[in-house]
DNA sequence: ATGAAAGCGCTAACAA
DNA sequence: TTGTTAGCGCTTTCAT
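Chains as they are written, first to last, in our numbering: chain S, 1 to 348; chain V, 1 to 348.
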C-alpha cells in the first residue's frame, strides 16, 4: 500500500498542506512542527509521488535525446555529455535510438513514444524536411548534427564544411594529391555526408586538385564494417589514393584495417583522417588524425537551447499568448579542432 | 493552450467518457460516434496527457537503466539492447550513468531522482552490500554485472569465473606459461574484477602454473588509458609475461598499444585476451581474442526479470498483501563464448 | 452504447 | 503559521 500525503497528515495529526510544506522545504514552518511531521514521514517511509506532482505542475523534468545508434561511440559520448548537461538544469534524460531509420526518426519527432517528456533533442540521419514540417507534436525540439533543415528549429552542430576543408587542407599540406573521400552519399543534396563531401570538393578545388570524383567513394553505412567494405571496393576498382578522408572515425578504422590487410602502410602509403574523435582513435597500432567536435559544447548548447524553448513555452502557457512570435534562436555552431596523430605523420 | 479530453468532448457534444473510449480503442462504440469524436480530436489536435494517465493508472511505463559509463562501448551496446528489449514490453528506458562512483550508485539505487520510474536495472561497480541493504526505495530492482551481493535481488550476469577460466585455458593451450592478469583490484574480496581474477587463479592452479601473483597487475580503472598505464608499469617492473588476460577489451586495447610501442609483437611475443567483445576488438591491426557475453540475452533476461517483479508488485498492491513471500527469482547466468582472433593466433 | 461522477496524489490560492 | 479546497487530465466503476 502506497503511502500518500494524506496518510502522513493523519498520523501527524496535521493537515495535508503542512506536510506538503515540510516536504517542499517551505520556510514558514515552526521547527517543532517540522520535527513532528518529519517523524511521521520517516515512520511511514513516505516518498512523494512524482507523477502527481508532474501532473499538477504541468511539467515532468524529463527530456528525451534520440540518436541514431548508441553503439557508435560518438553518440554514446555525446549522450553522456547531454545527461550531465541536463542534470545541471535538474532535467533527466530519456534516451532513445533510431538506428538511423527514417521511420523511427519520424515517430520520435512526433513524440509517439516520448511518453512524458518536456522537450526533445534529436540527431536525425534520414529524416526529411517534409517529415519535420508535418510535425504536429508541440513539445520543443532541438536538432543536432550534420543534417540541415530550413525550418525554425534550433540546430546545434559544428561547421561541417569548414571542418572537412581543414581536414583536407591538412592532407594537401602533407603533399598528398590523390585524396579520397570515404563515406559519400550521393542520394540527395541534403543527405548526411553531403556537407563533409562538399568541404572535400571545395578544398580540393581551391588547391587545383579537382576532377577526382572517382575518389568520392560511397559506403553502405558509417560503421567500421562499412568503412572496410568501402575501402576494399575502392582499391579493387583500381583507384590508388595516397590519402583518405573518412566520413567518421569508425569508417576510418575500418579503412585502416583493410589498408593493413593489403600491405599498404599508414601513413606512408596512405594517410588517413577521420571525424568525431572517438576514444578508440587515440589507440590502435596507428593512432588516427581526426576532426574533434567539442562534444561538451554541443551538449551544453543543445540543452540550454532546449531549456530556453521550455521556458518560452511555459511563459506562453501562462500568458495564453498562442500567437506569440516564434522567436527561435538561430542555428549555432560549436567549435571543433583538427587533432594530428600518427595516421598523417610526416610529409611524403 | 493545451487541449484536454473535456475540450474534445465539448466540441463533439458528447461526454468525456466517450472520448476516452475512442482514444483507448474501446470496442463498444458505434462507428458513427467514433467518427464524430475522431473528427473533433483531429480538429483540436488533441493528444492525451500521459502524466495524467500515469497518475491514474499508478504506473508510468518507464524503467531506468543505470550503467557506470556510456562511453564504454560494452555498456553502450548493452543499453541499446535493453532499450529494444524494453520496447517489446512497451516500456521506455531512462538512462543514467554513475561513472562507477559509489555515491552516485547509492543515489540511483535509492531512486533519488527518477521517482517516475516503475523499475530499475542497475549495473553497479562500487556499490557495497550494506548500501543495498539500507535501501528504502521500494521500486523493483534488478542487478547486472560482475558484482555479487548475497541479497534477494534478481541478478543477471555471465559466469565470470568460468569465462575467465576459459580465457586462461585458451592461453595455456597455446603454450603460454607466464600469463598476466591486467586489471586486478585487490581492495576487497567482493570488488569488481574479483571473479575474473579468481578464474585466472583457479585455471593457472589447475594447470600447475600457480605462484605468479606478481603477474596480477592492477590498473587505476578499466578504460584504454588505464590498460596502457597498467601494462607499462608491469613491463617496467621487469616482469615479462608471454600472455595477458585483460579485465576487459578496453584495458586490452590499451595494453596492446603499449606492447606495440615497446616493440613486443602480438601475438608472437605476447598473446592477449580481452573481455566484453566490444566492436572495436574486431578491427585494428591485430584483432582481439575476447570473451563475448551474450548481451542480447543479458538485456532480455534483465528486462523480463524486472517485468515479473513489476507484475508481482502490482498484484500485491491489488491484494493489499503486504506480507507476501518475496519469491525472488534467483540469479541467472547468461551465455558467453570465447572468440578466437588474431591476438592469440597460433601456438608458440 | 453512452453519461455522471469519484478520485489518483499533489500544489497553490485563499482563508483562518 | 497552518488549514481548506479546487483542480491538473485522465480512467473507471456505476448508472442509465
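Ideal Cβ placement from N, Cα and C applies to all residues, glycine included.
Assumed close pair residue i, residue j - CB separation to whole angstroms, cut-off 8 Å
| i | j | result |
| --- | --- | --- |
| residue 290 (chain S) | residue 273 (chain S) | 6 Å |
| residue 116 (chain V) | residue 60 (chain S) | 7 Å |
| residue 193 (chain S) | residue 180 (chain S) | Actually they are not in contact, since the Cβ atoms of residue 193 (chain S) and residue 180 (chain S) sit about 13 Å apart, beyond 8 Å. |
| residue 197 (chain S) | residue 227 (chain S) | Not really, about 15 Å apart at Cβ, beyond 8 Å. |
| residue 299 (chain S) | residue 85 (chain S) | 5 Å |
| residue 336 (chain S) | residue 163 (chain S) | 5 Å |
| residue 285 (chain S) | residue 285 (chain V) | 4 Å |
| residue 204 (chain S) | residue 210 (chain S) | 5 Å |
| residue 92 (chain V) | residue 62 (chain V) | 5 Å |
| residue 125 (chain V) | residue 64 (chain V) | The pair is not a contact, with the Cβ atoms about 17 Å apart (cut-off 8 Å). |
| residue 229 (chain V) | residue 220 (chain V) | 6 Å |
| residue 11 (chain V) | residue 40 (chain V) | 4 Å |
Nearest neighbour of residue i, chosen from the options [CA to CA]
| i | options | result |
| --- | --- | --- |
| residue 66 (chain V) | V:194, V:104, V:305, V:54 | V:104 |
| residue 207 (chain S) | S:222, S:223, S:166 | S:166 |
| residue 23 (chain V) | V:13, V:10, V:5, V:184 | V:5 |
| residue 244 (chain S) | S:223, S:177, S:49 | S:177 |
| residue 129 (chain V) | V:143, V:68, V:118 | V:143 |
| residue 246 (chain V) | V:171, V:210, V:296, V:49 | V:171 |
| residue 271 (chain V) | V:45, V:346, V:106 | V:346 |
| residue 38 (chain S) | S:7, S:58, S:53, S:62 | S:7 |
| residue 96 (chain V) | V:80, V:280, V:285, V:218 | V:80 |
| residue 122 (chain S) | S:134, S:202, S:147 | S:147 |
| residue 159 (chain S) | S:27, S:233, S:276 | S:276 |
| residue 50 (chain V) | S:279, S:118, S:2, S:69 | S:118 |
| residue 295 (chain V) | V:136, V:78, V:221 | V:78 |
| residue 302 (chain S) | S:253, S:112, S:152, S:145 | S:145 |
| residue 151 (chain V) | V:169, V:305, V:157, V:132 | V:132 |
| residue 267 (chain V) | V:241, V:248, V:280, V:292 | V:241 |
| residue 215 (chain S) | S:168, S:222, S:257 | S:168 |
| residue 315 (chain V) | V:280, V:33, V:58 | V:58 |
| residue 149 (chain S) | S:210, S:191, S:235 | S:191 |
| residue 269 (chain V) | V:235, V:62, V:53 | V:235 |
| residue 14 (chain S) | S:225, S:33, S:107, S:248 | S:33 |
| residue 248 (chain S) | S:210, S:218, S:265 | S:218 |
| residue 224 (chain V) | V:281, V:9, V:112 | V:281 |
| residue 253 (chain V) | V:18, V:305, V:72, V:35 | V:72 |
| residue 136 (chain S) | S:201, S:18, S:107 | S:107 |
| residue 156 (chain S) | S:92, S:297, S:83, S:19 | S:297 |
| residue 202 (chain S) | S:161, S:55, S:69 | S:161 |
| residue 2 (chain S) | V:21, V:55, V:27 | V:55 |
| residue 182 (chain V) | V:48, V:231, V:305, V:35 | V:231 |
| residue 341 (chain S) | S:292, S:238, S:111 | S:292 |
| residue 255 (chain V) | V:233, V:238, V:237 | V:233 |
For residue i, three-class secondary structure by DSSP
| i | result |
| --- | --- |
| residue 339 (chain V) | strand |
| residue 289 (chain V) | strand |
| residue 273 (chain V) | strand |
| residue 220 (chain S) | coil |
| residue 14 (chain S) | coil |
| residue 183 (chain V) | strand |
| residue 25 (chain V) | coil |
| residue 322 (chain V) | Unreliable positioning characterises residue 322 (chain V) in this predicted model, as indicated by a pLDDT of 49, which lies under 50. The coordinate reading is nonetheless provided below. Correct three-state label for residue 322 (chain V): coil. |
| residue 252 (chain S) | helix |
| residue 345 (chain S) | coil |
| residue 332 (chain V) | strand |
| residue 68 (chain S) | coil |
| residue 243 (chain V) | strand |
| residue 157 (chain V) | strand |
Runs of alpha helix (DSSP H) lying entirely within the stretch 79-149 of chain S, each at least 4 residues, in chain order: 102-109, 129-133
With contact counted as at least three CB pairs below 8 Å, one residue from each stretch, are the stretch 253-262 of chain V and the stretch 331-341 of chain V in contact? No contact exists between the stretch 253-262 of chain V and the stretch 331-341 of chain V.
For the stretch 138-158 of chain S and the stretch 304-313 of chain S, state whether three or more C-beta atom pairs, one from each stretch, are separated by less than 8 Å. Yes: at least three Cβ pairs fall under 8 Å.
Between the stretch 90-102 of chain S and the stretch 44-54 of chain S, can you find at least three pairs of beta-carbon atoms closer than 8 Å? no
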